[in-house]
Structure formats: C-alpha cells, structure tokens
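Residues in the sequence shown are numbered consecutively from 7, following our numbering.
We put the CB at the ideal spot given by N, CA and C, even for glycine.
Remember, it's a predicted structure, so these values are computed and weren't measured experimentally.
Inspection log for the structure reproduced underneath, given as structure tokens.
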Amino acid sequence: MLKSNFLLLLLLSLSTFVSAQTFTLMSGDVGGQATKIQEANTFGCDGENVSPQLSWENAPAGTKSYAITMYDPDAPTGSGFWHWVAFDLPADVTELAAGAGSKGGKMPKGSIQSVTSYGAPGYGGPCPPEGHGIHQYIITVHALKTDKLGLDANTNPAIVGFYLWQNTIEKASVVMYYSR
7 MLKSNFLLLL
17 LLSLSTFVSA
27 QTFTLMSGDV
37 GGQATKIQEA
47 NTFGCDGENV
57 SPQLSWENAP
67 AGTKSYAITM
77 YDPDAPTGSG
87 FWHWVAFDLP
97 ADVTELAAGA
107 GSKGGKMPKG
117 SIQSVTSYGA
127 PGYGGPCPPE
137 GHGIHQYIIT
147 VHALKTDKLG
157 LDANTNPAIV
167 GFYLWQNTIE
177 KASVVMYYSR
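Laid out in structure tokens, this is it:
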C-alpha cells in the first residue's frame, strides 16, 4: 500500500513538472522597462535602437519556424504601432543576440525582417510621443507550423499578422514599458 501510494505521488508530481514546462520567452536585456539602449533614434528620439537579447524554450511539437513581433497597442494611431516584424527564423534557433534585429545586426540565415510602422524593415525601438504616458511594448515569439510564410521584406505588418494568425501553434511574450 505504501509503495503504491508513493508511486502515485511520484507520477502526479512528474506530470505537474512536465506540464509546467510551457513555451517561454525571456530577455536578459529588458526586465520590464526599456532603456535608452532599446529606444529608437528617429521621430525625435535619440536612443541607440538596439533590439533586445531574446531567448525561448519549450517550443511546442510541430514547430517548423519562428516569428518575432514587437507591438505598441498604446500608440495614438487608432491601430497601434509595429516596431519589429521578423519571420522565417529556422526551428533550430532559440536565441537572438542583442542588436540582431538592428541595422547591421546578424539575424539567423534565411530569416526576413519586414517593414514596420516606421516604414523600414528591422527593429525600431520605442519612441512614444512626449508626455503621452507609459506605453507597453509587447515582444512575442510565435512558434509556427510552416517553414516559410512565403512573404518578403516589403510585406506590411497587417499582412504578416494575418499569416501569423493562420500558422501560429503557440506564442510567448514579454512586455517592456517606456515613456518620454
């Protein structure tokens, strides 16, 4: 009896441990607040425009590629603001170094960075209007069920989002905040 109770308890503990391993996105650079390092250097901002280091783990079964997005829902545009749209990252990639998405950065071979709301491809850091309050910047990694989305660097964020919606198995996010 004691032995069977111990085995049952062990199995329950193991199943809880296994189910706790969820698809997770982390950053060694941002811990809730963006800094001048991540801030854009356009639209009146004078930051360094360095994309944050990102890493992810526990991708769902069937993941064939990844996409990264960074979105500001607080932008006074009526539709938010897309700061980073990258896709076709190979399935064996689980980390991006700081600056990978910035101009001159090293994105994984075969990946594509498409245009953002700034009108150019690649990472464009936070630059909320002065005095507009705190904005949230949602950085998301999408685990995709396809190797390639079939899009190019000129594809606008809404179209990329439509393809992501059709192909995302799971997604994980981190949020950073910024104001000026």
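Selected residue, minimal CA-CA separation from residue i, among the options
i       : options                              : result
His-89  : Ser-33, Pro-96 and Asp-80            : Asp-80
Asp-158 : Thr-122, Arg-186 and Lys-151         : Thr-122
Pro-163 : Ser-85, Pro-66 and Asn-47            : Ser-85
Tyr-183 : Ser-33, Gly-34, Gly-38 and Phe-87    : Gly-38
Ala-126 : Asp-35, Thr-48, Ala-40 and Phe-29    : Thr-48
Glu-136 : Ala-178, Tyr-129, Glu-63 and Asp-52  : Asp-52
Ser-185 : Gln-27, Thr-30, Ala-46 and Thr-28    : Ala-46
Pro-82  : Glu-101, Ala-103, Val-36 and Cys-133 : Cys-133
Cβ-Cβ separation, residue j to residue i (assumed contact under 8 Å), whole Å
i       : j       : result
Val-91  : Val-166 : 5 Å
Ile-74  : Val-147 : 6 Å
Thr-69  : Ala-97  : 5 Å
Ala-149 : Ala-65  : 5 Å
Gln-119 : Gly-128 : 5 Å
Bridge partner(s) assigned by DSSP for residue i
i       : result
Ser-179 : Thr-146
Val-121 : Pro-127
His-141 : Tyr-184
Exposure of residue i, with buried meaning 16 or more beta-carbon neighbours within 10 Å
i       : result
Val-180 : buried
Thr-22  : Because Thr-22 sits at a pLDDT of 48, beneath the cut-off of 50, its placement in the model cannot be relied upon, and the following sentence gives the value as read from the coordinates. Looking at its Cβ environment, which holds fewer than 16 other Cβ atoms inside 10 Å, Thr-22 is exposed.
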